[in-house]
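Student: Quick one: the structure is below, and I'll ask about it shortly.
There are 2 protein chains.
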Amino acid sequence: MKPIQVGLMGLGTVGSGVFHVLTRNQTEIQRRAGRGIELAQVSRRNLAAAREIVGDAVQIVADAREIVANPDIDIVVELIGGTGIARELVLEAIAAGKHVVTANKALLAVHGTEIFAAASAKGVVVAFEAAVAGGIPIIKALREGLTANRIEWIAGIINGTTNFILSEMRDKGLDFDVVLKEAQRLGYAEADPTFDIEGVDAAHKATIMSAIAFGVPVQFDKAHVEGITQLSAIDIRYAEQLGYRIKLLGITKKRDAGIELRVHPTLIPSKRLIANVEGAMNAVVVQGDAVGTTLYYGKGAGSEPTASAVVADLVDITRLHTADPEHRVPHLAFRADALADTPILPIDQVQTAFYLRLRVADEAGVLSSITTILADNDISIDAVLQRESADGEKQTDLIILTHDTIEGRMRAALAKMQALRTVLAPIVSLRKEELA
Amino acid sequence: MKPIQVGLMGLGTVGSGVFHVLTRNQTEIQRRAGRGIELAQVSRRNLAAAREIVGDAVQIVADAREIVANPDIDIVVELIGGTGIARELVLEAIAAGKHVVTANKALLAVHGTEIFAAASAKGVVVAFEAAVAGGIPIIKALREGLTANRIEWIAGIINGTTNFILSEMRDKGLDFDVVLKEAQRLGYAEADPTFDIEGVDAAHKATIMSAIAFGVPVQFDKAHVEGITQLSAIDIRYAEQLGYRIKLLGITKKRDAGIELRVHPTLIPSKRLIANVEGAMNAVVVQGDAVGTTLYYGKGAGSEPTASAVVADLVDITRLHTADPEHRVPHLAFRADALADTPILPIDQVQTAFYLRLRVADEAGVLSSITTILADNDISIDAVLQRESADGEKQTDLIILTHDTIEGRMRAALAKMQALRTVLAPIVSLRKEELA
């Protein structure tokens, strides 16, 4: 049988990984897929740079639209990124009746509804394993491996850059700014790291997982997003003393009232497996009502790890595109006509525990006034750590861990505590999850 | 559309889990599968006991053959276990044109070739996610998630009973026999625990993973199998001091000369994520040439975790049975006509590092005579730990960690060391893997 024909738009880091993996492992891939998978055409503005990568084996075009227009191409791989031209090209490829494989989380988190609807109407597949957690087959696990379950929650380290930075901050006791520069020097952070360090990239991925887990449309605009730029080394140290690590987590949970969807630095118990995921590695914990806790770990980025996911999607399509479109795995795990309109909860209604660090005057009654405010807001305390004042100082750090509460209550309590005369600096509050 | 009709043979722990999960989550499952999945018939000799579980909702028969003969049944779930009647029933169900879902690792590890051939000839699916690592979707990850890769090796904690025992031995410093009794009392080990503690269950699972990873037929008879019954608390303690934990691992590796397939207690670095998998939990590490290291963690046994995998297979079949049989995911990941005849290597040719504990006379020249034997056999030493003799004793423990070697060489060296006058007790040798 003639090999299935693939066109690749955007021959950068991941694109060259796809070329190398398809070339190096073509025998094994064909033995698995039952049919060859041939990279027939690639696009990149800089033709000479592209030639450097693929040699004479593949036709190179400067304009990605040539790939979309090529009637011989069965599957288009979109690795351009962003939500502008990539959206247009993906929609045009679908309109041309081509299957699409993409690693573009921003595109799907923001325009997924439009794209999946177009694909369903045309009877083509849009596959996106590479969009979340790189080489880890987490989309497959959620869409196919855990279909028996009501998913209860997902919590993931889904941005390698920030996990590298947090690992270094903890390891070396350094502050954020210092480690960011180091990460940039080593290539773990980009020159403009905003999307990573502000949590936007993780929120794109969490949005996609949330939709798949709970059978709702992608709604990136409803996600609550906080990054790690405000995090201090001292809070990492206090957390450690209390038996916790701080990780940037993408979290989504099903509650009676709706769905939580949030990205923020989070204290998690040091003894959890996911707390021990260090450096640029990714890991996702999924809690299902039947299976209990499962965890998926691996490289979340990089040329060949991401290519591994892209090529797996190519094999999936090669194997299964003959299936009646009505019976294929639905894009968002649930059939499009069975998606729910469960609301995404505003951050005020989220339930979580908190870590608070207060710089307080070292005088009688301080702890009492603070705990009274917490009690008045129905927030119960799990642990308190009060440092002795340093010599000659009249102030100290007071650390409080709370039990689960409604975030709105905590915000009300924080405002009152902040107004106390004895609270001498802005209160640091971080969310805490037991993940059990 | 009429719900797909399922017959369940063997309504025990896992079977009742399947009933409960299908019942409780039927709405979510239908939203995912696009079609209802209905448990139409179950078999169990004790009809009254079955009635206790499924009530009046499901037809109960005493003879599983009634399910195989029922023309309304689309998918048969085999949860009887063993390689006798289960094999006959599975083959009869296939002959009757039914898809089969099974959790029976022994059956597939021993009779997989016959069963998969029969299924392919009939154009039906035999699905077996539940056969390896319970609720963890590791079969799906290997067969579909990592298809881009040449798998280099797999190492898994794939037997919860033994992992529970090893965790307790380490935690409490107790010996095997004591902990086994405790595990039996708690229900973590069966009254006859032979299959678990002798490594047979893990070897069944490793055999299946090995076939899927490397595209070879299942060959359980070629697996090297050692259990944990000979393991002493003192070796767990010494390993700990050297920065290692001891786990019962199922290991399969691709070498130039063939495939390694072995189950045995193994020292692994404490800092590896898998070294921190405690209690009855399972975890599998897969090394692929493109993706690098990935890890999959969860419950490897139990009623609903295993049912989670069984029901996921039911959803897969419901979704995809319309696909051309030629294009479905092959049973062993590689197409049946593309399986290789790569040999499984005998244990003598396996490459691994070793931990040795020698009880030696505390006199001059002992270390020299031992290291000379290792050097003569081309085995290089990674670390040596020699304890001072206890007061008044004239003997001591000598611990040696080696670098990778060929097991045959180590066996030759062990024979020579054992023959030394200064070696006072049987030498303990355990394999060590860096898993990096």
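As you go down the protein sequences, you meet chains A and B in turn.
The numbers in the working numbering rise by one with no breaks, and the one at position 213 of the first sequence is 213.
Quick note, the working numbering runs 1000 ahead of the 1-based positions in the second sequence.
We treat Cβ as the ideally placed atom computed from N, Cα and C, and that holds for glycine.
Given the structure is predicted, the values throughout are model-derived calculations rather than measurements.
Identify the contact partners of T1293/B in chain C, using a Cβ-Cβ distance below 7 Å as the criterion.
Tutor: Here chain C cannot be found, since the structure's protein chains are A and B.
Student: Counting only runs that start and end within the region 40–128 of chain A, where is the beta strand (DSSP E) found for 3 or more residues in a row?
Tutor: 59–61, 75–78, 99–102
Student: Between which two residues does the beta strand (DSSP E) containing A1223/B stretch?
Tutor: DSSP places A1223/B outside any beta strand (DSSP E), giving it a letter other than H or E.
Student: What does R1357/B pair with, by DSSP beta-bridge criteria?
Tutor: I1399/B, V1428/B
Student: If I follow the unbroken alpha helix (DSSP H) through Q1241/B, where does it start and stop?
Tutor: 1233–1241
Student: If you measure from the beta carbon of F1128/B to each beta carbon in chain A, is any gap under 9 Å?
Tutor: no
Student: Starting from the N-terminal side, write out each stretch of the alpha helix (DSSP H) that is 4 residues or longer and does not extend beyond the region 286–365 of chain A.
Tutor: Counting only runs of 4 or more residues that sit fully inside the region 286–365 of chain A, the alpha helix (DSSP H) segments are 303–320, in chain order.
Student: Closer than 7 Å between beta carbons: that is the criterion. Which residues of the region 157–180 of chain A meet it against chain B?
Tutor: The region 157–180 of chain A vs chain B, Cβ under 7 Å: nothing.
Student: Is E388/A helix, strand or coil by DSSP?
Tutor: Here E388/A sits in coil by DSSP.
Student: Go ahead and label D177/A buried or exposed: buried means 16 or more other beta carbons lie within 10 angstroms of its beta carbon, across all protein chains shown.
Tutor: D177/A is classed as exposed because its beta carbon has fewer than 16 other beta carbons within 10 Å across all chains shown.
Student: Helix or strand or just coil, what does DSSP make of Q1030/B?
Tutor: helix
Student: Do I1268/B and I1246/B have their CB atoms nearer than 9 Å?
Tutor: yes
Student: If you draw a straight line from the alpha carbon of V1284/B to that of K1140/B, how long is it in whole angstroms?
Tutor: 13 Å
Student: Let me confirm a value: L47/A is counted as buried when at least 16 other C-beta atoms fall within 10 Å, else exposed. Which label applies?
Tutor: exposed
Student: Let's see if you can read the secondary structure: which residues bound the alpha helix (DSSP H) around I1212/B?
Tutor: 1200–1214
Student: Can you find a CB in chain B that lies within less than 9 Å of the CB of L273/A?
Tutor: True, the Cβ-Cβ gap to chain B drops below 9 Å.
Student: Rounded to the nearest angstrom, what separates I399/A and S43/A at their Cα positions?
Tutor: 55 Å
Student: Kindly say whether I1259/B, judged by its beta-carbon, lies nearer than 9 Å to any beta-carbon of chain A.
Tutor: no
Student: Under 9 Å, Cβ to Cβ, is there at least one residue of chain B near P343/A?
Tutor: no
Student: Kindly confirm or deny that the region 330–339 of chain A and the region 77–93 of chain A touch, where touching means at least three C-beta pairs closer than 8 Å.
Tutor: The count of Cβ pairs closer than 8 Å, one atom from the region 330–339 of chain A and one from the region 77–93 of chain A, stays below three, leaving the stretches out of contact.
Student: Within this structure, are the beta carbons of R262/A and E304/A separated by less than 9 Å?
Tutor: No, the Cβ-Cβ distance between R262/A and E304/A is not below 9 Å.
Student: Tell me, please, whether the CB atom of E433/A is closer than 9 Å to any CB atom in chain B?
Tutor: Nearest CB-CB separation between E433/A and chain B: not below the 9 Å threshold.
Student: What is the DSSP secondary structure of G1160/B, reduced to helix, strand or coil?
Tutor: If DSSP states are grouped into helix, strand and coil, G1160/B belongs with the helices.
Student: Would you list the residues sitting across from A1283/B in a DSSP beta bridge?
Tutor: I1157/B, Y1297/B
Student: Taking V1360/B as the reference, which of K1416/B, I1427/B, R1319/B has the closest Cα?
Tutor: I1427/B
Student: Would you call K1205/B buried or exposed, if buried means 16 or more other Cβ atoms sit within 10 Å of its Cβ?
Tutor: With a threshold of 16 other beta carbon atoms within 10 Å, K1205/B meets it and is buried.
Student: Within 9 Å (strictly less), CB to CB, does V124/A reach chain B?
Tutor: no
Student: Quick check on the DSSP output: what are the complete alpha helix (DSSP H) runs of length 4 or more inside the region 402–426 of chain A, in order along the chain?
Tutor: 407–418
Student: So what does DSSP say about E152/A, is it helix, strand or coil?
Tutor: strand
Student: Going by DSSP, what residue range makes up the beta strand (DSSP E) through V6/A?
Tutor: 4–9
Student: Closer than 7 Å by beta-carbon distance: list the chain A residues that pair up with G1145/B, in chain order.
Tutor: P137, K140, A312
Student: Go to I1197/B, then tell me how far its alpha helix (DSSP H) extends in each direction, as first and last residue.
Tutor: Its alpha helix (DSSP H) spans residues 1194–1197.
Student: Beta carbon of I158/A, beta carbon of A183/A: below 9 Å?
Tutor: no
Student: Should K1253/B be labelled buried (16 or more other beta-carbon atoms within 10 Å of its own) or exposed?
Tutor: buried
Student: Does P3/A come within less than 9 Å of chain B when only Cβ atoms are used?
Tutor: no
Student: Ignore the nearest five residues each way along the sequence and tell me which others in A1121/B's own chain have a CB closer than 6 Å to its CB.
Tutor: none
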